[in-house]
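In this note's numbering, the protein residues as written are 1 to 152.
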């Protein structure tokens, strides 16, 4: 991607949630307990990097145990149907399923501030510089308000 795309400065600092159905009393006091559970998420997500580079070397969870799905909808359906103990979802997705779709899920562990999101621009595009300037002019508080109004 980096050969053809330049990203803007980050406009959002993302967190990753491990969630279960609310009626499944899963308590993760520490990450050593992860191996007791099945974990799933959509293919191509940054969770694989987190597992491969952080959790797996520490013995917390193996990437080979992960159940991969086409989308969040299939992931959450399997969670709801009891075919999955925990789902990795990013913060805005958590709020969408919990608050907007009223799915009875609970966060069991949060990996805070692990991913930065920026807007993708064609490599070398001057529009990226204009956008970065606009982000700076707006300031982090205003940008957070805009993002939160759409994502939470």
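Every residue gets a Cβ at the ideal spot worked out from N, C-alpha and C, and that includes glycine.
Residue 114 vs residue 17 beta-carbon contact at 7 Å:
no
So, residue 42 versus residue 72, is the Cβ gap smaller than 7 Å?
yes
Taking the Cβ atom as the reference point for each residue, do residue 56 and residue 132 lie within a distance shorter than 7 Å?
no
Spatial neighbours of residue 84 within its chain, please: C-beta separation below 8 Å, excluding the five flanking residues on both sides.
38, 39, 40, 67, 75, 78
Quick one: which unbroken beta strand (DSSP E) runs of 3-plus residues sit fully inside the region 98-143? Chain order, please.
105-117, 120-122
What runs of the beta strand (DSSP E), each 3 residues or longer, lie entirely inside the region 52-100?
67-69, 86-90
Proximal residues to residue 69 (C-beta, below 8 Å), its chain only, five neighbours per side dropped
Contacts found: 40, 41, 42, 43, 75, 78.
Cα-Cα separation, residue 146 to residue 137:
14 Å
Close beta carbons around residue 31, own chain, < 6 Å, minus the five adjacent residues each side:
60
Skipping 5 residues on each side, what residues in its chain have a beta carbon closer than 8 Å to that of residue 22?
104, 105, 106
Candidates 112, 27, 149: closest to residue 14 by CA position:
112
Please report the straight-line C-alpha distance between residue 130 and residue 35, rounded to a whole angstrom.
Straight-line measurement puts the Cα of residue 35 at about 46 Å from the Cα of residue 130.
Please report the straight-line C-alpha distance between residue 142 and residue 118, rounded to a whole angstrom.
When rounded, the distance between both Cα atoms is 16 Å.
Residue environment, residue 19, which counts as buried when at least 16 other CB atoms sit within 10 Å:
buried
Name the residue from 7, 11, 3, 6 whose alpha carbon lies nearest to the alpha carbon of residue 144.
Selection 7, 11, 3, 6 evaluated against residue 144 yields 11 as nearest (Cα-Cα).
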